[in-house]
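Below is one structure; the comments refer to it alone.
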């Protein structure tokens, strides 16, 4: 084998190992994000069911968010 063939094979090996590292990192990231989402959504649901506040209704929270957005946009436009 010539030096050029050896260099190409080593480059391909390096490329494949880099791709495996990136793929495994992305796979672990996706799995961890989904596990955290499941964990925190179940803990939020438990906390929401325990509190009987009228203020915790989605309509009231939605109105509060709309008020905040209007104030922020009003500050940006002026």
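In this note's numbering, the protein residues as written are 176 to 253.
Beta carbons: idealized from backbone N, C-alpha and C, even for Gly.
Note down the Cα distance separating residue 206 from residue 176, rounded to an integer number of angstroms.
For the purposes of this step, residue 206 is taken as residue 31 along the chain shown, with counting starting at 1. For the purposes of this step, residue 176 is taken as residue 1 along the chain shown, with counting starting at 1. Distance from the CA of residue 206 to the CA of residue 176, rounded to the nearest whole angstrom, comes to 43 Å.
If you draw a straight line from the alpha carbon of residue 203 to that of residue 252, how long is it in whole angstroms?
Working through the chain shown from its first residue, we reach residue 203 at position 28. Working through the chain shown from its first residue, we reach residue 252 at position 77. The alpha-carbon atoms of residue 203 and residue 252 are separated by roughly 42 Å.
Quick one: grab the DSSP three-state call for residue 176.
Along the chain shown, one-based indexing puts residue 176 at 1. Three-state result, residue 176: coil.
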